[in-house]
Amino acid sequence: MRISVPTETASREQRVALPPDSAGRLVKSGLEVVVQRGAGQRAGFRDDAYVSAGVKLVANAREALSSSQIVVKVQPPSADEIALIAEGSTLVSLLRPGQHQEMAAALAQRRVSALALELVPRITRAQSMDVLSSQSTVAGYKAVLIGAAELGKFLPMLTTAAGNISPARVFVIGAGVSGLQAIATARRLGGVVSAFDVRPAAREQVQSLGASFVATELVSASAEAAGGYARAQTDEEQQRTLAAIAAHIKDVDLVITTAQVPGRRAPTLITTDMVRTMRAGAVIVDLAVETGGNCELSKMGETVHAHDVTILGPVNLPSTVAFHASQMFGRNILALLQHLVKDGALALEPTDEITGAMLVVHDGRVLK
169 MRISVPTETA SREQRVALPP DSAGRLVKSG LEVVVQRGAG QRAGFRDDAY
219 VSAGVKLVAN AREALSSSQI VVKVQPPSAD EIALIAEGST LVSLLRPGQH
269 QEMAAALAQR RVSALALELV PRITRAQSMD VLSSQSTVAG YKAVLIGAAE
319 LGKFLPMLTT AAGNISPARV FVIGAGVSGL QAIATARRLG GVVSAFDVRP
369 AAREQVQSLG ASFVATELVS ASAEAAGGYA RAQTDEEQQR TLAAIAAHIK
419 DVDLVITTAQ VPGRRAPTLI TTDMVRTMRA GAVIVDLAVE TGGNCELSKM
469 GETVHAHDVT ILGPVNLPST VAFHASQMFG RNILALLQHL VKDGALALEP
519 TDEITGAMLV VHDGRVLK
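Structure below.
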């Protein structure tokens with residue numbers, strides 16, 4: 169059984185799907201792993217580290233993709249890459265299911281089975297395979313750092329010869345994995361942190377990290393959908409949420425927004441009118457910008473200056489912490505492959521609760 173790792177070709181992508189430590193564990197289990205030369209270079213993993221782990225290096229993408237039973241990637245494959253993947257093999261990657269039907273159809277035409285890493289089910293058995301959670305951890309951490317770098321204030325309280333400096337006030341909207349990591353990071357940097365979420369479980373998690381919880385009265389047991397995500401709000405619920413955020417946001421310095429609803433556009437939680445009420449020099453980091461954005465004024469991949477507020481719309485933040493993001497990603501892939509490969513052979517069972525949930529292409533058909 170051969171597993172291959174090509175160099176990522178997508179714009180802004182610096183991660184590698186399997187770093188040397190995870191690849192080495194697969195080799196020790198009796199599997200063959202091949203990695204395209206330089207695939208880990210941008211993430212800080214040299215080729216000699218792969219060789220030391222027992223990995224075979226190949227010269228180019230054609231060699232990496234055309235002779236393996238399993239191909240593992242970070243980003244969805246390009247049309248050129250799909251043309252190189254061996255017919256009858258299996259692709260494991262982020263695939264944005266439902267958004268790229270042409271890609272899925274091309275994979276089906278080559279009878280390549282494809283498992284979407286976004287669809288790892290949120291069950292106990294699959295926690296170690298959950299790429300979205302591991303990469304959201306990275307994004308939440310980095311969001312605070314780029315926000316703090318843009319902010320014209322210190323985050324911690326300082327006592328100096330020039331007098332005392334008050335700590336910055338940080339507001340995190342959405343207390344999922346990325347939001348909780350943003351809270352923890354902002355607290356470690358010394359900010360006074362508050363957070364908002366509509367899910368009951370979030371309140372205790374926020375408070376356990378030392379942050380205050382905003383608008384407790386809006387928390388509802390019915391706000392949580394399957395998998396622990398927040399469901400889409402009704403118009404009345406959204407109006408109450410917007411009112412609570414508007415009342416709080418005018419007094420904060422740094423806002424990190426993370427609210428998303430799976431399969432739908434991210435909810436607009438910061439309107440232009442709210443931005444007008446914010447302090448001059450305040451910063452918003454919109455982590456939901458790739459799915460539409462939580463701030464009405466944010467633009468994907470751009471920095472917007474409006475009403476004396478800076479609004480950041482970062483894209484693919486985990487890639488900017490490529491070394492550790494790749495390590496975490498690789499450990500997720502390792503756990504998944506250990507589930508899929510039995511006695512040295514790939515076992516794709518559509519009836520399995522993990523495999524079945526992830527399969528988007530199989531037996532020449534697009535399933536999702």
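Residue numbers (our numbering): 169 to 536.
Positions of the beta carbon are idealized from the N, C-alpha and C atoms, including for glycine.
### Task
Pick out whichever of GLY431, GLY469, ALA352, ILE417 has its Cα sitting closest to the Cα of ALA448.
The candidate whose alpha carbon is nearest that of ALA448 is ILE417.
### Query
Do the segment 489–504 and the segment 467–479 meet, that is, are 3 or more Cβ pairs less than 8 Å apart?
Counting C-beta pairs closer than 8 Å gives fewer than three between the segment 489–504 and the segment 467–479, which falls short of the contact rule.
### Task
Determine the extent of the alpha helix (DSSP H) in which PHE339 is found, giving its start and end residues.
Not the alpha helix (DSSP H): PHE339 falls in the beta strand (DSSP E), residues 337–341.
### Task
Report the residue ranges of all alpha helix (DSSP H) runs contained in full by the segment 380–440; include only those spanning at least 4 residues, in chain order.
Here the runs fully enclosed are 403–417.
### Message
Here's the rule I'm using: 16 or more other beta-carbon atoms within 10 Å means buried, otherwise exposed. How should GLY438 be labelled?
### Response
Here residue 438 is Ile; the residue named in the question, Gly, does not match the sequence. Buried, because 16 or more other Cβ atoms sit within 10 Å of the Cβ of ILE438.
### Task
Tell me where the beta strand (DSSP E) around ASN228 begins and ends.
Where ASN228 is concerned, there is no enclosing beta strand (DSSP E), given that its DSSP letter is neither H nor E.
### Task
With a threshold of 16 other CB atoms inside 10 Å of the CB of PRO187, please say whether the residue is buried or exposed.
With 16 or more neighbouring CB atoms inside 10 Å of its own CB, PRO187 falls in the buried class.
### Task
Select from PRO324, VAL528, GLY320 the residue whose C-alpha is nearest the C-alpha of PRO265.
Minimum Cα distance to PRO265 is reached at VAL528.
### Message
So for ALA221, helix, strand or coil by DSSP?
### Response
Three-state result, ALA221: coil.
### Task
Report the partner residues of ALA282 according to the DSSP bridge assignment.
DSSP lists LEU259, VAL529 as partners of ALA282.
### Message
Just verifying my parser: in three-state terms, what is the DSSP assignment at SER246?
### Response
Assignment of SER246 by DSSP, reduced to helix, strand and coil, places it in the coil class.
### Query
Under a three-way DSSP split, which group does GLY344 fall into?
Residue state, collapsed to three classes: coil.
### Query
In chain order, what residues of the same chain have a beta carbon less than 7 Å from the beta carbon of ARG170, not counting five sequence neighbours either side?
Hits under 7 Å: GLU200, VAL202, SER235, SER236, GLN237.
### Message
Please classify MET468 as buried or exposed, where buried requires at least 16 other C-beta atoms within 10 Å of its C-beta.
### Response
It counts as exposed.
#### Entry: Limits of the unbroken alpha helix (DSSP H) element including ASN332
Run containing ASN332: none in the alpha helix (DSSP H); it sits in the beta strand (DSSP E), 331–333.
### Query
alpha helix (DSSP H) containing HIS507: first to last residue?
Start and end: 490–508.
### Query
Among all the DSSP beta bridges, which residues are the ones paired with LEU300?
Partner(s): none; LEU300 has no beta bridge.
### Query
Taking the C-alpha atoms as reference points, what is the distance between SER304 and GLN243?
Distance between the alpha carbons of SER304 and GLN243 is about 15 Å.
### Query
Ends of the beta strand (DSSP E) at LEU480?
Where LEU480 is concerned, the enclosing beta strand (DSSP E) stretches over 477–480.
### Message
Give me, in chain order, the residues of the same chain whose beta-carbon lies closer than 8 Å to that of ALA525; leave out the 5 immediate sequence neighbours on both sides.
### Response
Once the five neighbours on either side are set aside, the close Cβ partners of ALA525 are LEU287, VAL288, PRO289.
### Message
Just to confirm my understanding: we take ILE464, look at its own chain, exclude 5 residues before and 5 after, and list those with CB closer than 6 Å. What are they?
### Response
Here the sequence assigns Glu to residue 464, which means Ile is not the residue at that position. Within the same chain, GLU464 has close Cβ partners THR436, THR439, THR440.
#### Entry: Opposing strand residues paired with LEU326 [DSSP bridges]
Looking at the DSSP assignment, LEU326 forms a beta bridge with ILE333.
### Message
Tell me which residues share the same chain as ARG214 and place their Cβ nearer than 6 Å to its Cβ, disregarding the 5 neighbours each side in the sequence.
### Response
Result list for ARG214: empty, nothing under 6 Å.
### Task
Return the CA-CA distance between ALA276 and ALA282, expressed in angstroms with no decimal places.
Spanning the alpha carbons of ALA276 and ALA282 requires a straight line of approximately 9 Å.
### Task
Let me know the secondary structure DSSP gives GLU517 once reduced to three states.
Note: GLU517 maps to coil in three-state DSSP.
### Query
Excluding sequence positions up to five away, which residues of its chain have a Cβ less than 6 Å from the Cβ of ARG318?
Looking at the sequence shown, residue 318 is not Arg but Glu. Taken in chain order, the residues that qualify are VAL451, THR478.
### Message
Classify THR327: buried if its beta carbon has 16 or more other beta carbons within 10 angstroms, exposed otherwise.
### Response
In the assembly as shown, THR327 is an exposed residue. Its beta-carbon has fewer than 16 other beta-carbons within 10 Å.
### Query
Can you tell which of VAL280, ALA354, ARG279 has the C-alpha that lies nearest to the C-alpha of ALA311?
Closest option to ALA311, Cα to Cα, is ALA354.
#### Entry: Simplified DSSP state of ILE522, which is helix, strand or coil
DSSP, reduced to helix, strand and coil, places ILE522 outside both helices and strands of the structure shown, so it counts as coil.
#### Entry: C-beta atoms of LEU285 and LEU263 nearer than 9 Å
Against a cut-off of 9 Å, the Cβ pair of LEU263 and LEU285 comes out as a contact.
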